[in-house]
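Encoded as structure tokens, the structure appears first; notes follow it.
Number of protein chains: 2
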Amino acid sequence: MTGDQDRSLLLVEDDAKLAALLERLFTGEGYTVDVARDGQSGLHHALTQRYAVMVIDRGLPAIEGVDLVRRLRARGVSTPILVLTARGTTEDRVEGLDAGAEDYVVKPFEIDELLARLRALLRRHTDSSTRLDLGERYLDVTARRVLGGTGAPIELSGRENELLQLFAAHPTQVFTRDELRRQVFQDADSPGAVDTYVYYLRRKLGRDVIRTVHGLGYRMGSA
Amino acid sequence: MTGDQDRSLLLVEDDAKLAALLERLFTGEGYTVDVARDGQSGLHHALTQRYAVMVIDRGLPAIEGVDLVRRLRARGVSTPILVLTARGTTEDRVEGLDAGAEDYVVKPFEIDELLARLRALLRRHTDSSTRLDLGERYLDVTARRVLGGTGAPIELSGRENELLQLFAAHPTQVFTRDELRRQVFQDADSPGAVDTYVYYLRRKLGRDVIRTVHGLGYRMGSA
DNA sequence: CGCGAATCTCAGAGGAACCTCAGAGCGCCC
DNA sequence: GGGCGCTCTGAGGTTCCTCTGAGATTCGCG
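This is the structure we're talking about:
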């Protein structure tokens with residue numbers, strides 16, 4: 001039902017030997033791997049490509065690993081990040097997590113654990129994958145269109161895409177108009193816009209994609 | 001979102017000393033803490049209350065920690081879970097993560113790291129829902145619907161939801177019409193409304209959800 | 001069993017919430 | 001600079017929720 005999951009991975013690692021080892025390891029597990037050799041290049045990749053998950057080494061030339069995480073988060077990149085480090089002190093871990101990394105693995109690490117943590121990251125972070133489940137169909141977030149099912153692909157506008165993305169990423173949650181306005185419509189006062197875009201999505205995708213919870217707001221149609 | 005973030009926390013820990021220590025620690029950080037002493041009680045709390053995050057010890061009597069995680073996930077509970085363990089082997093970690101836990105901390109742990117991991121969990125997991133036990137099914141208060149059992153989800157209106165919420169939160173108590181009117185129906189004089197909404201709930205959920213205590217009022221059907 | 005009181009059932013009025021959609025304003029691309 | 005698509009507004013029509021009230025049914029007690 002969910003189409004295949006996106007398995008693209010960005011590895012930022014300066015040590016050539018370790019990079020090669022990890023790349024082979026990840027590829028063997030079915031990931032599509034891009035390797036960056038320093039923070040600068042990692043930043044560039046992360047900002048221009050879309051990845052399901054990133055693995056970043058702390059000890060990088062040019063830009064330090066934790067600093068890279070912070071910069072990415074500051075730019076709005078929400079892709080889950082796993083940080084590798086040789087240092088295992090508590091302050092290091094705290095710093096990494098508070099910078100916005102999702103998880104932390106200390107070198108030398110067990111390969112199985114690293115892979116398990118990656119699986120865990122991917123499983124709970126569907127919202128940054130490029131494909132979101134819509135039941136019969138799915139939303140391709142980067143291409144801004146809805147595919148699958150029987151009919152032809154359906155193109156979405158920017159707003160429509162953002163709105164549907166939010167719903168699809170949280171299929172059981174009820175969103176109030178206020179929440180939607182703040183998350184999707186940056187302008188604080190556009191009272192009717194939410195309703196209008198729900199209407200647009202329904203017109204394009206069918207009445208049931210989004211359900212009204214009278215007096216509260218909206219939520220995803222499936223589930 | 002509406003105001004402050006939810007900071008409710010469920011701690012499942014059998015060691016009394018450690019439980020007390022952690023409770024004080026979490027409370028000091030601004031969390032509202034419920035403590036369960038074994039897996040059974042933890043399961044019950046987790047299914048009937050809403051928490052922003054859960055901290056579960058692996059070595060529990062009755063139900064093992066990882067097993068508890070698995071059961072919760074199987075029942076659709078998506079609250080983020082952090083597992084504590086004395087064992088630090090790789091297989092243990094892999095097992096915990098694959099069971100559906102979000103994170104893993106090995107005892108003895110640094111307090112700062114534990115708190116940082118909790119912050120990280122909370123930051124990336126904003127949505128969870130309030131659940132009340134109805135026996136076979138449960139009421140999702142925030143989504144205003146009844147789920148579980150065999151059939152399809154049943155949507156409730158605002159009033160229906162409020163009324164059922166009151167009953168479900170106090171399964172043994174008998175409510176008079178007056179009490180119900182005061183708690184659920186803002187207008188002090190809407191004499192027949194209570195009866196009507198009891199009727200609506202029965203029509204949607206089955207005759208037995210709410211029982212009549214002739215001459216007194218109503219109470220929950222189960223228990 | 002019979003009667004009054006309590007409860008159940010349900011159609012419908014009133015009002016709030018919501019849906020629909022034409023069109024104005026804006027930016028972008030040719 | 002003109003056309004096109006996207007975004008948001010606002011007004012009118014529609015749906016849904018809430019509560020009322022009246023007739024049917026059940027309960028409890030003598």
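So the sequences go chain by chain: B and F.
Quick note on numbering: UniProt numbering labels position 28 of the first sequence as 28, and the sequence is numbered without any gaps.
Quick note on numbering: UniProt numbering labels position 85 of the second sequence as 85, and the sequence is numbered without any gaps.
Here a beta-carbon is modelled for each residue, glycine too, at the ideal position from N, C-alpha and C.
None of the values given here were measured: they were computed from a predicted structure.
Item                                                                                                                                                                     : Value
If you compare alpha carbons, which of F:Ala52, F:Thr85, F:Thr196 is closest to F:Gly65?                                                                                 : F:Thr85
To which residues does DSSP link F:Ser8 through a beta bridge?                                                                                                           : F:Thr32
Apart from the five residues just before and just after B:Gly217, which ones in its own chain have a Cβ nearer than 6 Å to its Cβ?                                       : Val174, Phe175, Thr176, Arg177
For F:Glu155, which residues does DSSP report across the bridge?                                                                                                         : F:Arg145
Report buried or exposed for F:Pro61, applying the criterion of at least 16 other Cβ atoms within 10 angstroms of its Cβ.                                                : exposed
If I measure Cβ to Cβ from B:Asp38 and keep anything under 8 Å in the same chain, skipping five residues before and after, which residues do I get?                      : Val12, Asp14, Leu60, Pro61, Ala62, Ile63
Measure the Cβ-Cβ separation of B:Arg159 and B:Tyr199 and say whether it is below 7 Å.                                                                                   : no
For B:Val55 versus B:Leu82, is the C-beta spacing smaller than 7 Å?                                                                                                      : yes
Can you list the residues of chain F that B:Gly215 reaches, using a CB-CB cut of under 7 Å?                                                                              : Gly158
What does a CB cutoff of less than 8 Å around F:Asp140 pick up in its chain, not counting 5 residues either side in sequence?                                            : Ser129, Thr130, Arg131, Val146, Leu147
Is B:Val167 helix, strand or coil when you go by DSSP?                                                                                                                   : The sequence as given places Phe at residue 167 of chain B; Val does not occur at that position. In the structure shown, B:Phe167 sits in a helix (DSSP, three-state: H, G or I).
Check whether the Cβ of B:Val141 lies closer than 7 Å to any Cβ atom in chain F.                                                                                         : no
Any beta-carbon of chain F closer than 7 Å to the one on B:Val174?                                                                                                       : yes
Suppose you measure from the CA of B:Glu136 to the CA of B:Arg144; what does that come to, to the nearest Å?                                                             : 17 Å
Going straight from the alpha carbon of B:Gly215 to that of B:Leu25, what length do you get?                                                                             : 51 Å
Quick test of your reading: F:Leu122 and F:Asp103, contact by CB under 8 Å. State the CB separation rounded to the nearest angstrom.                                     : Going by Cβ atoms, the distance from F:Leu122 to F:Asp103 rounds to 11 Å, so no, they are not a contact pair.
Let me see if you follow: with CB-CB separation under 7 Å, is F:Arg202 close to chain B or not?                                                                          : no
Just to confirm my understanding: we take B:Thr212, look at its own chain, exclude 5 residues before and 5 after, and list those with CB closer than 7 Å. What are they? : Tyr218
If you count every other CB in all the chains shown that lies within 10 Å of the CB of B:Arg203, and 16 or more means buried, which is it?                               : exposed
Flag F:Arg58 as yes if its beta-carbon sits less than 7 Å from any beta-carbon of chain B, otherwise no.                                                                 : no
Spell out whether any CB of chain B is found under 7 Å from the CB atom of F:Arg144.                                                                                     : yes
Is the Cβ of B:Thr85 closer than 7 Å to any Cβ of chain F?                                                                                                               : no
Taking the alpha carbon of F:Ala101 as the point to measure from, which residue in F:Arg70, F:Arg119, F:Asp112, F:Ile111 has its own alpha carbon closest?               : F:Arg70
Here's the rule I'm using: 16 or more other beta-carbon atoms within 10 Å means buried, otherwise exposed. How should B:Phe109 be labelled?                              : exposed
So B:Arg7 packs on B:Thr32, CB below 8 Å; how close in whole Å?                                                                                                          : 6 Å
When the Cα atoms are used, what is the spatial distance from B:Tyr138 to B:Leu163?                                                                                      : 14 Å
Express the C-alpha separation of F:Gln165 and residue 246 of chain B in angstroms, rounding to a whole number.                                                          : Since the displayed chain B opens at 1 and closes at 223, residue 246 of chain B lies outside it and no answer follows.
If you drop the 5 nearest sequence neighbours on each side, which residues of the same chain put their C-beta closer than 6 Å to that of B:Ala193?                       : Phe185
F:Gly221 by DSSP, collapsed to three states: which one?                                                                                                                  : coil
Helix, strand or coil: how does DSSP classify B:Val83 here?                                                                                                              : strand
Using three-state DSSP, classify B:Tyr104 as helix, strand or coil.                                                                                                      : strand
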